[in-house]
Structure formats: structure tokens, C-alpha cells
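Trainee:
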Amino acid sequence: MPKQVTNVAADDALTTIYRLSHDEQEEVIAARVAERLDIKPASAAGMLTRLRRDKLVRIDGRKRISLSGSGFARAEQMVRRHRLAECLLVDTLGLEWWRAYEEAHLMEHAISDVTEPLIVERLGNPKVSPFGYPIPGSDHGHPLSTRRLTDLEAGDSTTVDRVYEEDEQLLRFFDEEGIRPGAGFEVIEVAPYRGTVTIQLNGRPLVLGLEAARRIWVP
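In C-alpha cells:
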């Protein structure tokens, strides 16, 4: 009989904490976890209580949440499988780039210790996901950047390092405008009082709202 997939909700919570703290360098609190998982605060509180009981997370006196050693290892395993699934979907199956996060979320729990090395071999041991995030366990080659497009000034020229992967509508917009990892651009204007950043991309100006610009990381 196939092994039953269990603890999906716990894994989703752990990977959310991982992405917030590790990938985005954000302070993690229960309200932020609930918002990201799109669940009620009471449901998030109950989940965090169970994860704390199981010694997978720590919660300090200021209600800040962090992963324990075992929690981090479990989250990293799931994030690795998720990003391998993204690579499989985009690079091998030809799925549209902007659909990959949601579809990979459906697949990540089905990847086992048996199938994972087969996927890695078929893909040629990829180092980063289609959205520019390092695949845990691979040699990415450089530290994860914490700089965002909103940290740049007019006249700065750089490339896209990675983009926020969890908003399908935003990814579709990025896809239409050519905002992908490796794309080069120049900052033309930063207008915080108008709430916009204007960049030169693919030979034309593109105006981005600050919220979208914050979802783009640069080297």
C-alpha cells in the first residue's frame, strides 16, 4: 500500500515560517502566519500551540516565532521538494511559469525519499527554482540577498535575483512584463510620495507600485 501523506497542515505552517524568516528576513508572529496561510487567527494559534508542543517551533516572550532545529530541517525538506516540483513543472513539463507555485504546492507532499533523487537526476541537479530561490541542499553559490527593488535609487542598474512566488496574479503580471530572475534593468525614478518606482526594462519604462517593487529582490 502507498504511504499515506500526513501532517500537511503542519508542514504548510512550518514552510510558511521558513519563507518568512529565512527567505524574506521578516519577523514572524502568529498574525502574519495566519494571513499568509489564509486561515483564522484562532486556527493559526492552535496550530502553533501544537507545533510548539512537538518542539518544532519556539515562541519567545514577545510572541516572535522561530523554527527549532528539527522544525527547520522538516521545513527545509518540504521547501526543497516544492522547488524541485516547480523545476519539474516548468523545465520538463512546460507549465506556464506563473502557475508553478500553486501546482508545486499540490505536488510537494507526494514526493518521497524514493522519487526525490530521481527527480533531481532527471533535472540535472538544479540549484535554484524558476523564481530564483535556492533549492535547499544544493550548492547555490552565494548568500541569499536581502536587497529589494525598493532599496535602490535612481540610476542604479542591476538584475532581478528572485521574485515573490506565492501570488499568482502578481506572477502573471511579472511574466507579462518580463520581470524574471536574471532580467536586467535600470532604476529611472523612485517616487515614494506617489508610491511608485519606474524602471527601464527591455528597452521601455515600466512603472511599478511600491508593493509590487517590494516583491522583487536584487543581488
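Residue numbers (our numbering): 1290 to 1508.
Each residue gets a CB set at the ideal place from its N, CA and C atoms; glycine is no exception.
Remember, predicted model here, so these are calculated numbers, not experimental data.
Using 8 Å for Cβ pairs, my map puts residue 1453 next to residue 1504. What's the rounded Cβ distance?
Mentor: Rounded, the Cβ-Cβ distance is 4 Å, consistent with contact.
Trainee: Buried or exposed: where does residue 1450 fall if 16 or more other Cβ atoms within 10 Å of its Cβ makes it buried?
Mentor: So residue 1450 counts as buried.
Trainee: Does the region 1379–1392 touch the region 1347–1364, meaning 3 or more C-beta pairs lie closer than 8 Å?
Mentor: No, the region 1347–1364 does not touch the region 1379–1392.
Trainee: Report the residue from 1433, 1376, 1499 whose alpha carbon sits nearest the alpha carbon of residue 1409.
Mentor: Minimum Cα distance to residue 1409 is reached at 1376.
Trainee: Throw me the rounded Cβ distance for the residue 1326 and residue 1333 pair, which I believe falls under 8 Å.
Mentor: Going by Cβ atoms, the distance from residue 1326 to residue 1333 rounds to 7 Å, so yes, they are a contact pair.
Trainee: Considering residue 1502, what are the terminal residues of the alpha helix (DSSP H) in which it resides?
Mentor: Run containing residue 1502: 1499–1502, per the alpha helix (DSSP H) assignment.
Trainee: Which same chain residues end up closer than 8 Å to residue 1303 when comparing Cβ atoms and leaving out the 5 residues on each side of it in sequence?
Mentor: If we look at residue 1303 and ignore the five residues flanking it on each side, its Cβ neighbours are 1340, 1345, 1346, 1356, 1360, 1363, 1364, 1367.
Trainee: Taking DSSP's pairing of strands, which residues face residue 1318 in a bridge?
Mentor: The partner list for residue 1318 (beta bridge, DSSP) is empty, contrary to what the question assumes.
Trainee: Could you say if the region 1386–1402 and the region 1452–1466 meet the contact criterion of at least three C-beta pairs nearer than 8 Å?
Mentor: With the cut-off at 8 Å, the region 1386–1402 and the region 1452–1466 touch.
Trainee: Whole angstroms is fine: what's the gap from residue 1296's alpha carbon to residue 1499's?
Mentor: Using only the alpha carbons, I get a separation of about 36 Å.
Trainee: Can you grab the Cα-Cα spacing for the pair residue 1502 / residue 1438, in whole Å?
Mentor: In a straight line, the C-alpha of residue 1502 is about 5 Å away from that of residue 1438.
Trainee: Can you give the Cα-Cα distance for residue 1424 and residue 1330, rounded to whole angstroms?
Mentor: Using only the alpha carbons, I get a separation of about 30 Å.
Trainee: Please classify residue 1419 as buried or exposed, where buried requires at least 16 other C-beta atoms within 10 Å of its C-beta.
Mentor: Residue 1419 is buried by the Cβ-count criterion.
Trainee: Just how far apart, CA to CA, sit residue 1448 and residue 1474?
Mentor: Their backbone Cα atoms lie some 6 Å apart in a straight line.
Trainee: Is residue 1421 buried or exposed, if buried means 16 or more other CB atoms sit within 10 Å of its CB?
Mentor: Counting Cβ neighbours within 10 Å, residue 1421 comes out buried, since at least 16 surround it.
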